[in-house]
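Oh and the first sequence: position 635 is 634 in numbering that gives the first Met the number 0, straight run, nothing missing.
All C-beta atoms in this analysis are idealised placements derived from N, C-alpha and C, irrespective of residue type, glycine included.
This one's a predicted model, so the numbers in the text were calculated from it and none came from an experiment.
To start, the structure itself, in structure tokens.
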Amino acid sequence: MALRRLPHRHRGADDVRQGQGRRAGGERAHPPLPAHGARNLGDARSELLRARERPAARDSPLRVPARAGDDRHRLRGGLGAGHLRAHRRALHRLQLEHLRDPGPAQPLLPPQGRGRQVPPPEVRSGRGAGVRGAEDGVAEPRVWRPLPDRPLPRHHRRRHRGVHRPVAAVPEASGGNPLVMEKERTLKEITPRGEDFSQWYLDVVLKTEMADYGPVKGCMIIRPYGFAVWEAIQADLDRRIKETGHVNAYFPLFIPKSFLEKEKEHVEGFSPECAWVTIGGGEELEEPLAIRPTSEAMICSMYAKWVRSWRDLPVLINQWANIVRWEKVTRPFLRTTEFLWQEGHTLHGTEEEAEEETMRMLGVYRSFYEEMLAVPVVPGRKSESEKFAGALRTYSVEALMGDGKALQGATSHNLGQHFATAYGIEYLDRNQERAKPWSTSWGASTRMIGGLIMTHGDDAGLVLPPKVAPYQVVIVPIPPRKGDWSESVLPKAREALAMLRAAGIRAHLDDRDTQQPGFKYSDWEMRGVPLRLELGPKDIEKDQCVLVRRDTREKAFVPLAGAPARIRELLDQVQKDLLERARKFVADNTTRVSSWDEFRQIMAGRRGFLIAGWCGDAECEARIKQETKATVRVIPLEGGVRPGTCIRCGQPSPQEVYFAQAY
RNA sequence: CGGGAUGUAGCGCAGCCUGGUAGCGCACCUGCUUGGGGUGCAGGUGGUCGGCGGUUCAAAUCCGCCCAUCCCGACCA
Numbered sequence: 000m001a002l003r004r005l006p007h008r009h010r011g012a013d014d015v016r017q018g019q020g021r022r023a024g025g026e027r028a029h030p031p032l033p034a035h036g037a038r039n040l041g042d043a044r045s046e047l048l049r050a051r052e053r054p055a056a057r058d059s060p061l062r063v064p065a066r067a068g069d070d071r072h073r074l075r076g077g078l079g080a081g082h083l084r085a086h087r088r089a090l091h092r093l094q095l096e097h098l099r100d101p102g103p104a105q106p107l108l109p110p111q112g113r114g115r116q117v118p119p120p121e122v123r124s125g126r127g128a129g130v131r132g133a134e135d136g137v138a139e140p141r142v143w144r145p146l147p148d149r150p151l152p153r154h155h156r157r158r159h160r161g162v163h164r165p166v167a168a169v170p171e172a173s174g175g176n177p178l179v180m181e182k183e184r185t186l187k188e189i190t191p192r193g194e195d196f197s198q199w200y201l202d203v204v205l206k207t208e209m210a211d212y213g214p215v216k217g218c219m220i221i222r223p224y225g226f227a228v229w230e231a232i233q234a235d236l237d238r239r240i241k242e243t244g245h246v247n248a249y250f251p252l253f254i255p256k257s258f259l260e261k262e263k264e265h266v267e268g269f270s271p272e273c274a275w276v277t278i279g280g281g282e283e284l285e286e287p288l289a290i291r292p293t294s295e296a297m298i299c300s301m302y303a304k305w306v307r308s309w310r311d312l313p314v315l316i317n318q319w320a321n322i323v324r325w326e327k328v329t330r331p332f333l334r335t336t337e338f339l340w341q342e343g344h345t346l347h348g349t350e351e352e353a354e355e356e357t358m359r360m361l362g363v364y365r366s367f368y369e370e371m372l373a374v375p376v377v378p379g380r381k382s383e384s385e386k387f388a389g390a391l392r393t394y395s396v397e398a399l400m401g402d403g404k405a406l407q408g409a410t411s412h413n414l415g416q417h418f419a420t421a422y423g424i425e426y427l428d429r430n431q432e433r434a435k436p437w438s439t440s441w442g443a444s445t446r447m448i449g450g451l452i453m454t455h456g457d458d459a460g461l462v463l464p465p466k467v468a469p470y471q472v473v474i475v476p477i478p479p480r481k482g483d484w485s486e487s488v489l490p491k492a493r494e495a496l497a498m499l500r501a502a503g504i505r506a507h508l509d510d511r512d513t514q515q516p517g518f519k520y521s522d523w524e525m526r527g528v529p530l531r532l533e534l535g536p537k538d539i540e541k542d543q544c545v546l547v548r549r550d551t552r553e554k555a556f557v558p559l560a561g562a563p564a565r566i567r568e569l570l571d572q573v574q575k576d577l578l579e580r581a582r583k584f585v586a587d588n589t590t591r592v593s594s595w596d597e598f599r600q601i602m603a604g605r606r607g608f609l610i611a612g613w614c615g616d617a618e619c620e621a622r623i624k625q626e627t628k629a630t631v632r633v634i635p636l637e638g639g640v641r642p643g644t645c646i647r648c649g650q651p652s653p654q655e656v657y658f659a660q661a662y
């Protein structure tokens, strides 16, 4: 297939002619090329090499040590590699203290955040990239050193190097873990949130093995651990969609160009980000096919064929599908070229019914976000400029991320009669008169996972709400000092696993004997498993186990027999606490502003939601965006209408709105 | 689409300025050791130096073109 705007060498008609369109991953990164003999001079070269002496200058002490590599580090905030490493070490030391004695909550780093700390001067040493054991003379107790000296991770740049080598799946039967394929031994380090939130996010996504970059820009691979979260989301949201009377169906990926063009605003809105197929079977197509950026065009066209009578209404169909939008800037989960979502498309006899449906689904999204993802959202209506292309009214739920930026979590549109008109959907009503239905559409995507990560995550990695966590409990067996763990601890751990699974708890036993318990703790904390169950010889003696919460790291000793019940309680508690904590964060970072100065000041600093009056004028909105990056996120549905004046221009404002910098 | 950066082993990097045997740490493999917060030791495996072309006896290194990714902006779930 050929994609417009992508005259890529792997994507010629050849691929299609082969009837596959795709080659094996490795090959695609390195397309077959004609052999060339440019490299066959190796032997002659070595001969000459041996005949010559190595230039002494290479090892000369006069060599200038600084090079491009060093400058690179300095470019980001003026710190050399050594500084950064020292910084990191100091930061972690501070974290330890924080754990023992949590200080006051940082305004911009939600509850468990550690805040940005400047390393004490004594640990700021010269550069020493890649040098191990550059001890700073502090005799550290052996208790727990979260980060032993290691080469400085590259936490200021993320680089992608094509296709990763496939790793064989480890079968569950042999004690493997199907959701975590790479059994690497180091805990992959994560940039602290306060240092660089974007990098933190990418580190979390990649290192927890939720997703990885694919060979095509913006096309990520959702790995098993990430996909398990999506499956949990899907299962629950699907249930909610069906409970509200909808049924699932599936419509084609390809949409003929002429279909897409029927609704003017719609096509104008989406054509810039459309991918087109122009070749099929080796031949130029008569009509280009869009790879769906959304399915209104396709689905409404079919509705025109299906709907004849008022008795056919309402039509309440949902589909789970993939979507392609040619985005210029992409980030895993948050904005990818291809993404997964559900899109509902409904038809109704009256405007009131359509509006009711639109609001009903907005409510579904809201409760889903809060109950499943533990992410508080602000439901509201979009401004004209943020409206869906072709809609009458667009509503959304907006969440506030840890860095003070807002994320549109899901949208619900009242499409009016625009699409019915454009696609010729007509029926005979009760009075035997021709009538046009009112349509709606609503969707939520894999972006939700991004929101989930950015709402709850901390410096140690992911924090997953129990309801969507692939593993709710991980069992870490502690080997005895003497003897074989498979004699005592392991069988007991397996018993515990069976007991938890029987109780309907998603549990995993980490029985890798190549890792130390301490490593496992950190590893699963990074992956956000809500509860850890430690089981060692001492516990077995007392017929108990140790439960540790991921979010608070609180420990509890509980009798083994009572573990399932206690775990269920704890999981519920964690779920509740996460939502509460996130709510508090949103509340703490939502400001009702009364002056333009204050507005600008907050946007220049910690950002967050700003509640203010707005005149409703698009130009005024654009000016605000230009000056502060903030846009109208939503005109809230709750909290009452408070007329006032526009924060920017002073004109009368019919209602208050939520402003924020958007993702 | 503009600006910036990067591409050397699975990951993180050095080597490039001044062309001459491709290196280090981690991971991985083997063995021993260790195990309640990231064990230690010893020995190994692994590289089209992003691609193509040019200069040269010789290119990771110099030159040109291309590709890809990331970051920051302008546009959008």
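| query | So Arg-582 is in the alpha helix (DSSP H); what residue range does that whole segment cover? | reply | Counting along the chain, the unbroken alpha helix (DSSP H) around Arg-582 starts and ends at 562-587.
| Helix, strand or coil: which one does DSSP assign to Gly-217? | Correct three-state label for Gly-217: coil.
| Residues near Gly-102 in its chain [Cβ-Cβ closer than 6 Å; skip 5 each side] | With a pLDDT of only 27 at Gly-102, under 50, the local geometry of the prediction cannot be trusted, and the value read off the model is given with reservation. Result list for Gly-102: empty, nothing under 6 Å.
| message | Measuring only the C-alpha atoms, how far is Val-377 from Ala-398? | response | Spanning the alpha carbons of Val-377 and Ala-398 requires a straight line of approximately 6 Å.
| message | Between Ala-659 and Ala-405, how many whole angstroms is the CB-CB distance? I'm expecting something under 8 Å. | response | Yes, they are in contact, since the Cβ atoms of Ala-659 and Ala-405 sit about 4 Å apart, within 8 Å.
| Roughly how many whole angstroms lie between the Cα atoms of Arg-549 and Asp-458? | Asp-458 has its alpha-carbon roughly 12 Å from the corresponding atom of Arg-549.
| field | C-alpha distance - Gly-649 paired with Phe-598, whole-angstrom precision | value | When only Cα atoms are considered, Gly-649 and Phe-598 end up about 13 Å apart.
| query | What are the boundary residues of the alpha helix (DSSP H) that Asp-522 is part of? | reply | Where Asp-522 is concerned, the enclosing alpha helix (DSSP H) stretches over 516-525.
| Residues that Arg-446 bridges to, as DSSP identifies them | As DSSP reads the structure, Arg-446 sits in no beta bridge.
| What is the rounded straight-line gap between the Cα of Gln-654 and the Cα of Val-547? | Counting only the Cα atoms, Val-547 lies some 46 Å from Gln-654.
| message | Restricting to Cα atoms, I'd like to know which of Val-585, Arg-429, Thr-336, Met-358 is closest to Asn-413. | response | Taking only the C-alpha atoms, the option nearest Asn-413 is Met-358.
| message | With the cut-off set at 8 Å, would you say Ala-421 and Glu-262 are in Cβ contact? | response | With a cutoff of 8 Å on beta-carbon distance, Ala-421 and Glu-262 are scored as near each other.
| message | At the level of alpha carbons, what is the spacing between Ile-424 and His-347? | response | Here the C-alpha atom of Ile-424 lies approximately 11 Å from the C-alpha atom of His-347.
| query | So, is Tyr-249 buried or exposed, given that buried needs 16 or more other C-beta atoms within 10 angstroms? | reply | With fewer than 16 other beta carbons inside 10 angstroms of its own, Tyr-249 counts as exposed.
| task | Kindly list the residues whose CB is nearer than 7 Å to the CB of Gln-543, restricted to its own chain and excluding five residues on each side of it in sequence; keep chain order. | result | Taken in chain order, the residues that qualify are Phe-556, Val-557, Pro-558, Leu-559.
| Local conformation of Ser-308 per DSSP, three classes | Look at Ser-308 here: in three-state DSSP terms it is strand.
| request: Return the CA-CA distance between Pro-191 and Val-374, expressed in angstroms with no decimal places. | output: Approximately 22 Å between the Cα atoms of the pair.
| request: Check Trp-437 in the structure and name its three-state DSSP category. | output: Looking at Trp-437 - three-state DSSP - the assignment turns out to be strand.
| query | Who are the near neighbours of Thr-445 in its chain, counting only those whose CB is closer than 8 Å to its CB and skipping five residues on each side? | reply | Closer than 8 Å at Cβ, skipping near neighbours: Ile-221, Trp-229, Phe-332, Thr-335, Phe-338, Leu-339, Trp-340.
| Helix, strand or coil: how does DSSP classify Glu-597 here? | Glu-597 carries a helical assignment under DSSP once its states are collapsed to helix, strand and coil.
| query | Of the choices Thr-277, Val-592, Tyr-364, Gly-217, whose alpha-carbon is the least far from that of Gly-643? | reply | Considering only alpha carbons, the answer is Val-592.
| query | Can you tell me the Cα-Cα spacing of Arg-647 and Ile-623, whole angstroms? | reply | Each residue's Cα considered, the two are about 7 Å apart.
| Looking at C-beta atoms only, is the number of pairs between the region 473-492 and the region 562-577 that lie closer than 8 Å three or more? | Touching, no.
| said: Tell me which residues share the same chain as Trp-319 and place their Cβ nearer than 6 Å to its Cβ, disregarding the 5 neighbours each side in the sequence. | reply: Excluding positions up to five away in sequence, the list reads Gln-341.
| Residues of its chain near Thr-627, where Cβ-Cβ distance is below 6 Å and the 5 sequence neighbours each way are ignored | Short of 6 Å from the beta carbon of Thr-627, and not among the five residues preceding or following it, lie these beta carbons of its own chain, in chain order: Arg-599, Met-602.
| Arg-505 to Ala-231, Cα distance in whole Å? | In a straight line, the C-alpha of Arg-505 is about 12 Å away from that of Ala-231.
| task | Flag this pair as yes or no: are the beta carbons of Gly-673 and Asn-321 separated by less than 8 Å? | result | Nothing in the structure corresponds to residue 673, since the chain is present only between 0 and 662.
| What does a CB cutoff of less than 8 Å around Gly-244 pick up in its chain, not counting 5 residues either side in sequence? | Excluding residues within five positions, the ones whose Cβ falls inside 8 Å are Leu-315.
| query | Over what stretch of residues does the beta strand (DSSP E) that includes Leu-530 continue unbroken? | reply | From DSSP, the beta strand (DSSP E) with Leu-530 extends over 530-534.
| said: Please report the straight-line C-alpha distance between Met-371 and Phe-258, rounded to a whole angstrom. | reply: Spanning the alpha carbons of Met-371 and Phe-258 requires a straight line of approximately 37 Å.
| field | Beta carbon of Glu-272 nearer than 8 Å to that of Arg-324 | value | The beta carbons of Glu-272 and Arg-324 sit closer together than 8 Å.
| field | Same chain, Cβ closer than 8 Å to Leu-284, neighbours up to 5 away in sequence not counted | value | Its chain contains Val-276, Thr-277, Ile-278 as the residues whose beta carbon lies nearer than 8 Å to that of Leu-284, once the 5 sequence neighbours on both sides are disregarded; these appear in chain order.
| message | Can you find the residues in the same chain that come closer than 6 Å, C-beta to C-beta, to Val-204, ignoring five residues on each side of it along the sequence? | response | Taken in chain order, the residues that qualify are Ala-210, Pro-331.
| Among Pro-529, Thr-207, Cys-299, Arg-605, which one has its Cα closest to the Cα of Thr-590? | Comparing Cα positions, the closest option is Arg-605.
| task | May I ask you to report which of helix, strand or coil DSSP gives Cys-544? | result | When DSSP states are grouped into helix, strand and coil, Cys-544 belongs to the strand group.
| task | In angstroms with no decimal places, state the Cα-to-Cα distance between Gln-625 and Leu-609. | result | Between the alpha carbons of Gln-625 and Leu-609 lies a distance of about 16 Å.
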